[in-house]
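To convert, note that position 182 of the sequence shown is 182 in full-length UniProt numbering; the numbers rise steadily by one, no gaps. Even for Gly, the Cβ is constructed at its ideal location relative to N, Cα and C.
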Amino acid sequence: MSAAPADGGRRSRRGFAYQDAVTLLDCLDMHEGMWTQVSWEDLEDIVCRNGDAPAYRQVKTIEEVGKRHSVANVCAPDIPKKPETSYLGKLFLGKPLPAETRFTFIVNESPHVDFHAFVVDRGQQRGPVPLKIRDDIIVRLKGVDIPEGRDIGWCVDRLEVLVEGRTIEQVEDRALRRLGPIVTKILGQPPLTTDIEDVLVWLGVRIARDALAPVPRKVGTRDFQDMLHEAITRATGRKPDGSTAPLTKLTDKLAVAGVPADEAAGHLDNALKYRRAWRASLGPAREAMDAFADEVHAICSRVMAERRAGRIPAGSEAYFETLTRVEGLPAVSSGTVSLARAHAVLADVTARCQNRYADAS
């Protein structure tokens, strides 16, 4: 089993950060009627709203096996003698507090028995908390000045703890199971398993990208429905009305180069594996992958230009020339990039770009 994510944002095989995966679950809850709006990187990591009632959600994961959140550690200040710098202090402060406000502390490990009193199942309301535990939090956060006539007790009464999967993969797999029936209903037919995963990945990339925007992303029910439809169209090539989306498949592009369908299917599988590897990479590793992909893209553009100028015949000759030039790149000839990876990158570039081996008729 892979390690649980640290707060720094370790990513899964699909490229998600833990918070992105949880955000997707909240969006799926909204799709099923639980919320009217979900935003992220807003007043909190995630803010879910039901009309004017906000649920401020803070995601705090733990990587060390055996370590668990407790009342003591969520109330421990980052700056000595400043309880407002604790996890709960930050969760309670700095945001509007209408009467129906809720606070959610999202973790990836079952908390200690004292903090476990606040645990709820997704979509459910928690039961009463022992007064001893409630009073312990109030004492630990003494000095935190809650505005709008509220106090720490008021906030604690609206606090809940949501325990998600230990690993990002477990949260993603839960999202996959929930996406299956949704995608089936929208399409009117069962999708392939790979199609559902591609929908998941597209939504996750969209969430991660929006998290970097200077203005918080606020998504309503209709907005998320549009995101779902776009993700399904991109992943399956089919629109919700049953028509075929104007997307050229990799197998079709390779067919004009004389590549048989079964061989093209293998290239498609390799391209998908490469995309997953790219999404899972970070920092220098991703930069190196992007630099190599740029080189392959440049070769494709050059061969396409020569083909259109009449210097290279269309079809299998153009494809062979492209392969030859990609295999001749220094990174490939030196072994820095494997031949299999080079072919996978070429397949990915071919799938994403216009037809390189013959112009569309």
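Residue i versus residue j - alpha carbon distance
{"i": "A72", "j": "W35", "result": "31 Å"}
{"i": "T193", "j": "K142", "result": "52 Å"}
{"i": "V119", "j": "F92", "result": "17 Å"}
{"i": "G165", "j": "N108", "result": "5 Å"}
{"i": "D226", "j": "I232", "result": "10 Å"}
{"i": "V345", "j": "L200", "result": "22 Å"}
{"i": "I182", "j": "E63", "result": "32 Å"}
{"i": "E306", "j": "Y357", "result": "11 Å"}
{"i": "P147", "j": "V47", "result": "19 Å"}
{"i": "I106", "j": "H69", "result": "11 Å"}
{"i": "H343", "j": "E263", "result": "13 Å"}
{"i": "Y18", "j": "V171", "result": "8 Å"}
{"i": "D26", "j": "V38", "result": "7 Å"}
{"i": "E44", "j": "L88", "result": "12 Å"}
{"i": "D121", "j": "I299", "result": "53 Å"}
{"i": "R206", "j": "K132", "result": "43 Å"}
{"i": "T23", "j": "A257", "result": "42 Å"}
{"i": "V332", "j": "D198", "result": "29 Å"}
{"i": "E32", "j": "P260", "result": "43 Å"}
{"i": "D252", "j": "P330", "result": "30 Å"}
{"i": "D348", "j": "R49", "result": "39 Å"}
{"i": "V156", "j": "I138", "result": "8 Å"}
{"i": "G123", "j": "Q189", "result": "28 Å"}
{"i": "H116", "j": "A340", "result": "49 Å"}
{"i": "K249", "j": "I79", "result": "56 Å"}
{"i": "K185", "j": "L176", "result": "14 Å"}
{"i": "R126", "j": "D145", "result": "25 Å"}
{"i": "E100", "j": "V65", "result": "36 Å"}
{"i": "R325", "j": "R178", "result": "44 Å"}
{"i": "L247", "j": "K90", "result": "Bear in mind that the predicted position of L247 carries a pLDDT of just 36, short of 50, making it unreliable; the figure below should be weighed with that in mind. For L247 and K90, the distance between alpha carbons rounds to 47 Å."}
{"i": "P216", "j": "V129", "result": "33 Å"}
Three-state class that DSSP yields for residue i in the structure shown
{"i": "G89", "result": "helix"}
{"i": "G266", "result": "helix"}
{"i": "I207", "result": "helix"}
{"i": "A318", "result": "helix"}
{"i": "V256", "result": "coil"}
{"i": "V113", "result": "helix"}
{"i": "V119", "result": "strand"}
{"i": "R275", "result": "helix"}
{"i": "D195", "result": "helix"}
{"i": "V65", "result": "coil"}
{"i": "A261", "result": "helix"}
{"i": "A6", "result": "Bear in mind that the predicted position of A6 carries a pLDDT of just 40, short of 50, making it unreliable; the figure below should be weighed with that in mind. A6 falls in the coil class under three-state DSSP."}
{"i": "I79", "result": "coil"}
{"i": "D359", "result": "coil"}
{"i": "Q124", "result": "coil"}
{"i": "R234", "result": "helix"}
{"i": "R311", "result": "coil"}
{"i": "L43", "result": "coil"}
{"i": "L212", "result": "coil"}
{"i": "M227", "result": "helix"}
{"i": "T324", "result": "helix"}
{"i": "A99", "result": "coil"}
{"i": "A344", "result": "helix"}
Continuous alpha helix (DSSP H) stretch holding residue i: start and end
{"i": "A55", "result": "From DSSP, A55 is part of no alpha helix (DSSP H) but of the beta strand (DSSP E) over A53 to V59."}
{"i": "L159", "result": "Run containing L159: none in the alpha helix (DSSP H); it sits in the beta strand (DSSP E), L159 to V163."}
{"i": "I299", "result": "G283 to R308"}
{"i": "T336", "result": "Per DSSP, T336 belongs to no alpha helix (DSSP H) and is neither H nor E."}
{"i": "Y18", "result": "Y18 to H31"}
{"i": "V74", "result": "V71 to C75"}
Limits of the beta strand (DSSP E) - the one that residue i falls within
{"i": "W40", "result": "Q37 to W40"}
{"i": "I106", "result": "R102 to V107"}
{"i": "K218", "result": "R217 to G220"}
{"i": "V47", "result": "I46 to N50"}
heavy atom of the ligand SAH below 6 Å from residue i C-beta
{"i": "I138", "result": "Within the structure as shown, the ligand SAH is missing, as the structure has no ligands at all."}
Interface flag, residue i vs chain D, CB-CB below 7 Å
{"i": "R307", "result": "Looking for chain D here will not work: only one protein chain is present."}
Contact between the stretch 92 to 99 and the stretch 45 to 55 is defined here as three or more beta-carbon pairs at a separation below 8 Å; is this criterion met? As far as the Cβ criterion goes, the stretch 92 to 99 touches the stretch 45 to 55, which means the pair count is three or higher.
If we count Cβ pairs, one from each stretch, closer than 8 Å, do we get three or more for the stretch 280 to 287 versus the stretch 324 to 339? At 8 Å Cβ cutoff, the stretches do not touch.
Secondary structure, beta strand (DSSP E): runs of 3+ residues fully inside the stretch 133 to 193: Unbroken beta strand (DSSP E) runs of no fewer than 3 residues, entirely contained in the stretch 133 to 193, are found at 159 to 163, following chain order.
Counting Cβ pairs, one atom from each stretch, are 3 or more of them under 8 Å apart for the stretch 213 to 229 and the stretch 309 to 317? With a cut-off of 8 Å, the stretch 309 to 317 and the stretch 213 to 229 do not count as touching, because too few Cβ pairs lie within range.
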